[in-house]
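Step one of this worksheet: look at the structure below.
Protein chains: 2
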Amino acid sequence: MEFAEIRVEDLNPQKFITRRVNEISAAVGGGRAVNALSGGVDSSAVTMLGHRALGDRLRTYFIDSGLMREGEPDHVVALFKKLGVQVELVDAKKMFFGRLKGLTDPEKKREAITHSFYMDVFGPIVKESGATHLLHGTNYTDVEETVAGIKRQHNILAQLGIDTEKTYGYKVLEPLIQLRKTGVRIIARALGLPKEIYTRPPFPGPALSARVIGEVTPGRVETVRMATCVVEEELRSSKAFQYLAILHEDRVTGLRDGKRDFGLQIEVRCWNSTDAVVGTPTRLPWGKLETIAQRIIAEVPGVVSVTYNITAKPPSTIEAV
Amino acid sequence: MEFAEIRVEDLNPQKFITRRVNEISAAVGGGRAVNALSGGVDSSAVTMLGHRALGDRLRTYFIDSGLMREGEPDHVVALFKKLGVQVELVDAKKMFFGRLKGLTDPEKKREAITHSFYMDVFGPIVKESGATHLLHGTNYTDVEETVAGIKRQHNILAQLGIDTEKTYGYKVLEPLIQLRKTGVRIIARALGLPKEIYTRPPFPGPALSARVIGEVTPGRVETVRMATCVVEEELRSSKAFQYLAILHEDRVTGLRDGKRDFGLQIEVRCWNSTDAVVGTPTRLPWGKLETIAQRIIAEVPGVVSVTYNITAKPPSTIEAV
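From first to last, the protein sequence lines stand for chains A and B. In terms of the numbering used here, the first sequence has 178 at position 178, counting the first letter as 1, and numbering is strictly consecutive. In terms of the numbering used here, the second sequence has 409 at position 88, counting the first letter as 1, and numbering is strictly consecutive.
Below, the structure is given as structure tokens:
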């Protein structure tokens, strides 16, 4: 496969799809392939391309790390069932939280999730499945940011020093690697995926753990999950590129039942961006910001303070961890 | 002295001043008094009342804790010199930072500052001065919040279990105790204090240490001091009740020279309020918020992220620590 960027203005969706489907068919031949579906636009598009090329010879897994949003695992599985794609749901909560226990350093947390995902959970699945190929949703921005040393969330096995072919006996296929996010959305739509998927704001690989500063425990993930519900409900109609809630580790002074008390702080971010390379905070209406703060205070136990991020990327990044 | 609130509509500034000056004169008699001046409107008004009543028999000290804003100690001393009041500047930086070393718990930090102020620094000064009375700028809101268990920053010696008369041989006089902030501002103006003082936004007793989450070191205070400079310059004309910068302990991901790096986060708060009992975040123009964020990023080393607080008090409080 090629690595040059295909710009949106040069993208012919049907030709792109036909070409990639043929490439996947040719590469896998009579073998079998696997992929992990998160419900994001990248992995959803890859799932559809793979199933067009391979049918039942592609097996698709949803890994429930315990770090997903409210109701997300069941919802994604049900959504693909409607499209005729069977997705296997793997409960891996214990493994992820086990590896994350006691870790507060952001790099170590990312590493724990990567290891848990590829080694504890997905590695054995791939091995047992007898697959010859893994389909992966790497896009052009991911490649750029990895080259620049900003991100490290794809080509992950290579980064871990693992030669996938030697270790697991399979090759990695990255059919979206020439597209940026906008291009992937066009392809997702052309593949017949529902609007909910092709307009879905990006969600990070490490899921809600990217939005917990400090230790990632089931309780702390639940707090940020509840805040995420509020932020997504309130900002779904904003047309912003991405919006998220972050749980801080810092405690701040608040008032509970009229008494001084230390509580939690939630930070809200809402980005204007086209491809996540650069971004600016969305100038949301003040009434909306105040509603978000009031709802988080009322609905998420322990929170006494809510902030809105006003920094551009760079030097900020989209996510906090 | 009485403890019932005097509302602004019932306040006759000249009568109030005459009455308080006479009360201070009568109470101190032929003795001497001391007070600590921070440059805030409360302690400035008390200083002027005390000097009208006692002249040179009141000695006024500015305690430089190392926690004040950029240039503040020299500026306040110079300002009162113009008004004919000599203020003694006491360099107590080492004592404060010594007591604060290693502390991260907000209550312990407050306690360290209180102890350092009253025991290490001001206690001995009062003792050696032979003063019979201490003048203190307690106002009506302070009393209410102490009764409610929200604050603990005045009547401090009594709170430490110290009978001031027994221990140091002096009594505490609180000439502003019947006024809220707005009333104190009216009195400060009537006392001939400059506009800079009588319109000055509140600044907390523990100074910049109330705006450092986690350990209070000279370096971390310098970071929040630089951010405070930017926030005060940009918001001075906003007419907001209070505006401040807070240094978080949490580190967040940022980009430095195009590479992933973990940096500092500054939180900005800007309050609409009349007396600090309740407050709402000011709906600042977006251009102003973006300028503040850009300037902090550019001018304060190590900062990669700036947020704006969008929570009302309660459940938030004005300050963070």
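Think of the CB as a built atom: it goes at the ideal place given N, C-alpha and C, for glycine as much as any other residue. Here the structure is a predicted model, which is why all the values come from computation and not from measurement.
When you compare only the Cα positions, how much space is there between glycine 547 of chain B and serine 594 of chain B? Looking at the sequence itself, residue 547 of chain B is methionine, so the reference to glycine does not match. Cα-Cα distance, rounded: 25 Å.
Kindly list, in the order they appear in chain A, the residues whose Cβ is closer than 8 Å to that of proline 523 of chain B. Near proline 523 of chain B there are no residues of chain A at all, since even the closest Cβ is about 15 Å away, more than 8 Å.
Counting along the chain, where does the alpha helix (DSSP H) carrying phenylalanine 337 of chain B start and finish? Residue range 334–349 is occupied by the alpha helix (DSSP H) that includes phenylalanine 337 of chain B.
Any Cβ of chain B within less than 7 Å of the Cβ of tyrosine 170 of chain A? Tyrosine 170 of chain A is outside the set of residues whose beta carbon lies under 7 Å from a beta carbon in chain B.
Beta strand (DSSP E) runs contained entirely in the stretch 388–427 of chain B, provided each spans 3 or more residues: Counting whole runs of 3 or more residues, the stretch 388–427 of chain B contains the beta strand (DSSP E) stretches 408–412.
From this set, B:Val398, B:Thr425, B:Leu421, which residue's C-alpha is nearest isoleucine 434 of chain B's C-alpha? Per the Cα distances, B:Leu421.
Quick check on proline 315 of chain A: does DSSP put it in helix, strand or coil? Coil, per DSSP.
With 16 as the cutoff for other CB atoms within 10 Å, does threonine 18 of chain A come out buried or exposed? Exposed is the call here.
Alpha helix (DSSP H) segment containing tyrosine 61 of chain A, residue limits: Per DSSP, tyrosine 61 of chain A lies in no alpha helix (DSSP H) segment; the continuous beta strand (DSSP E) that holds it begins and ends at 58–64.
For isoleucine 434 of chain B, decide whether its Cβ has a neighbour in chain A, counting only Cβ atoms nearer than 7 Å. At a cut-off of 7 Å between beta-carbon atoms, isoleucine 434 of chain B makes no contact with chain A.
Ordered along the chain, which non-local residues of its own chain (more than five positions away) have a Cβ less than 6 Å from that of tyrosine 564 of chain B? Val552, Leu556, Cys591, listed in sequence order.
Assumed close pair glycine 66 of chain A, proline 204 of chain A - CB separation to whole angstroms, cut-off 8 Å: With a Cβ gap of about 15 Å, glycine 66 of chain A and proline 204 of chain A do not count as contacting.
Whose CA, out of B:Phe418, B:Val598, B:Arg510, lies closest to the CA of serine 365 of chain B? The option with the nearest alpha carbon to serine 365 of chain B is B:Arg510.
Just to confirm before moving on: does the CB-CB distance between glutamate 23 of chain A and cysteine 229 of chain A stay below 7 Å? Going by C-beta atoms, glutamate 23 of chain A is not nearer than 7 Å to cysteine 229 of chain A.
In whole angstroms, what is the alpha-carbon distance linking tryptophan 607 of chain B and isoleucine 618 of chain B? Each residue's alpha carbon lies about 17 Å from the other.
So, helix, strand or coil for tyrosine 629 of chain B, using DSSP? DSSP places tyrosine 629 of chain B in the strand class (E or B) of the three-state scheme.
Within 10 angstroms of the Cβ of arginine 532 of chain B, are there 16 or more other Cβ atoms? Answer buried if so, exposed if not. It counts as buried.
How is the beta strand (DSSP E) around leucine 264 of chain A delimited, first residue to last? First-last of the beta strand (DSSP E) with leucine 264 of chain A: 259–272.
Backbone secondary structure at proline 523 of chain B - three-state DSSP: Secondary structure of proline 523 of chain B (DSSP, three-state): coil.
If contacts are defined as beta-carbon pairs under 8 Å, then lysine 492 of chain B and histidine 454 of chain B qualify, I think. What distance do you get, rounded to the angstrom? Between the beta-carbon of lysine 492 of chain B and that of histidine 454 of chain B there is about 5 Å, and that keeps the pair under the 8 Å contact cut.
Interface partners of tryptophan 286 of chain A on chain B, CB under 7 Å: Chain B residues near tryptophan 286 of chain A: Arg604.
Please say whether glycine 623 of chain B and leucine 576 of chain B have beta carbons closer to each other than 7 Å? At least 7 Å separates the beta-carbon of leucine 576 of chain B from that of glycine 623 of chain B.
Return the CA-CA distance between histidine 436 of chain B and alanine 413 of chain B, expressed in angstroms with no decimal places. When the Cα atoms are used, histidine 436 of chain B and alanine 413 of chain B turn out to be separated by approximately 13 Å.
Going straight from the alpha carbon of lysine 109 of chain A to that of phenylalanine 97 of chain A, what length do you get? Roughly 10 Å separates the two Cα atoms.
Alpha carbon of alanine 641 of chain B to alpha carbon of isoleucine 266 of chain A, nearest angstrom: CA-to-CA, the gap between alanine 641 of chain B and isoleucine 266 of chain A works out to about 13 Å.
Using a Cβ-Cβ cut-off of less than 9 Å, give me the residues of the stretch 123–142 of chain A that come near chain B, in sequence order. Going along the stretch 123–142 of chain A in chain order, one finds no residue with a Cβ nearer than 9 Å to chain B.
Own chain residues within Cβ distance below 7 Å of tyrosine 198 of chain A, not counting five before or after: Once the five neighbours on either side are set aside, the close Cβ partners of tyrosine 198 of chain A are Val41, Arg185, Ala188, Arg189.
Along chain D, in chain order, which residues have C-beta atoms closer than 7 Å to that of serine 637 of chain B? Within the model displayed, chain D is absent; protein chains A and B are what it includes.
Determine the direct distance from the alpha carbon of glycine 451 of chain B to that of tyrosine 629 of chain B, and round the result to whole angstroms. Looking at the two C-alpha atoms, the distance is approximately 48 Å.
If you count every other CB in all the chains shown that lies within 10 Å of the CB of alanine 4 of chain A, and 16 or more means buried, which is it? Under the 10 Å beta carbon count, alanine 4 of chain A is surrounded by fewer than 16 other beta carbons and is classified as exposed.
In the DSSP assignment, find the unbroken alpha helix (DSSP H) run with aspartate 363 of chain B in it and report its ends. Its alpha helix (DSSP H) spans residues 362–375.
Between the Cα of leucine 512 of chain B and the Cα atoms of B:Ile327, B:Glu330, B:Arg328, B:Gln335, which residue gives the shortest distance? Looking at the Cα atoms, B:Gln335 is the closest of the given residues.
Helix, strand or coil at isoleucine 618 of chain B according to DSSP, with G and I counted as helix: In this structure, isoleucine 618 of chain B counts as helix in the three-state DSSP scheme.
CB contact check: threonine 18 of chain A to chain B, cutoff 7 Å: So no, threonine 18 of chain A is outside the interface.
Could you work out which residues of chain A lie near phenylalanine 583 of chain B, taking near to mean beta carbons separated by less than 8 Å? By Cβ distance, chain A contributes Pro106.
Taking Cβ to Cβ, would you say threonine 459 of chain B is nearer than 7 Å to glutamate 517 of chain B? In terms of Cβ geometry, threonine 459 of chain B and glutamate 517 of chain B do not form a close pair [threshold 7 Å].
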